[in-house]
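Colleague: Plus 6 on top of the position in the sequence shown (first one is 1) and you've got the numbering used here.
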Amino acid sequence: MMRLSNRIRQDLITTLMEGAAYIDSLDLSRFFELGVREKQIGLIDYAIHTLYSHPYLTMDAFIEEGYSQQLLNRTIGDFEQFKSEIGLDRYTLDRWLEQNDDASGDVCMPYEVYQYFAPEVRAKYLSGLILKGVRVQLGSESLACIRLKCGTPFAIPKNTAEIAFYLQISRFGHYSQMHFSRSESVLTLGSNRIEICIYASQAKRTEDYTVCLIDDRELHDVQKAKPSIFMLQDFSIKHTSGINEECLKVLGLI
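#1: Does Ile260 come out as helix, strand or coil in the three-state DSSP assignment?
#2: Would you kindly check if the distance between the Cβ of Gln46 and the Cβ of Ala81 is under 8 Å?
#3: Can you name the residues that DSSP bridges to Phe236?
#4: Please state the DSSP three-state secondary structure of Glu201.
#5: For the alpha helix (DSSP H) containing Phe37, name the first residue and the last one.
#6: How would you label Pro61, buried or exposed, when you count the other beta carbons within 10 angstroms and need 16 or more for buried?
#7: Quick one: Cα of Gly83 to Cα of Gln208, how far?
#8: For Thr194, which residues does DSSP report across the bridge?
#9: Under the assumption that Met115 contacts Arg141 (Cβ atoms under 8 Å), give the Cβ distance between them as a whole number of angstroms.
#10: Decide yes or no for the touch test of the segment 123-130 against the segment 208-222: beta carbon pairs closer than 8 Å, at least 3 of them.
#11: Given a threshold of 16 other Cβ atoms within 10 Å of its Cβ, counted over all protein chains shown, does Thr158 qualify as buried or as exposed?
#12: With contact counted as at least three CB pairs below 8 Å, one residue from each stretch, are the segment 148-157 and the segment 191-200 in contact?
Structure (structure tokens):
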């Protein structure tokens with residue numbers, strides 16, 4: 007199986023997108039003559055349609071669908087470049103909203119969409135730390151913010167670094183040393199190492215504890231018996247503990 011050159015891939019993308027209305031009768035013989043396999047054409051066609059419906063997807067989603075890493079590398083190439091080649095670098099939040107508008111109330115947005123458009127969503131809908139007019143699907147709940155056990159609201163985190171930051175705020179004053187490793191996605195609090203995940207099913211469980219944003223273990227048939235996995239909402243802040251109170255005032259949380 008050949009590795010598609012940028013020129014062949016772009017030509018194939020253009021042909022498939024322009025001929026989408028009559029795809030069953032589209033003449034693709036010239037690509038076969040160049041050595042392109044039928045499954046490569048099928049993958050590109052599937053990727054175009056899938057990414058236009060779900061632009062936030064990553065290469066991992068296609069691997070989960072059963073496509074091999076080799077096929078993806080030789081056909082799609084650089085994933086972000088491929089998105090650009092099919093025009094998704096021009097795919098905006100407003101366009102997603104037009105396609106998913108719900109006149110009956112607040113827009114309910116999948117978390118992956120929120121992640122993809124986080125800066126735009128926050129600029130458009132965030133009032134203080136709470137979203138107005140849109141809610142984000144976090145597991146079985148649709149939320150406008152994250153509320154810790156103490157009732158303190160936080161903007162819904164867009165990545166593990168923000169989850170770690172919220173945890174550091176909740177533990178402020180309890181530990182003399184705090185450090186978050188982005189490469190490991192591990193927050194060190196004193197002698198404790200805490201794995202930070204978006205989804206509970208992603209937990210490697212190699213650290214002392216795991217904190218996640220979304221509990222999807224039932225969906226992925228992952229055992230819940232392990233007591234060391236906590237939800238971000240399980241944590242709370244002491245609002246009247248001296249220096250901690252001043253920290254919260256600076257952050258605008260009280």
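Glycine residues also receive a C-beta, built at the ideal position from the N, C-alpha and C atoms.
Modeller: In short, the structure shows the following:
#1: Confidence is the limiting factor: at Ile260 the pLDDT is only 49, short of 50, which leaves the residue's position unreliable and the question unanswerable from this model.
#2: The question names Ala, but residue 81 in the sequence shown is Thr. Cβ atoms of Thr81 and Gln46: closer than 8 Å.
#3: Val217
#4: strand
#5: Ser35 to Glu39
#6: buried
#7: 25 Å
#8: His185 and Arg199
#9: 7 Å
#10: no
#11: buried
#12: no
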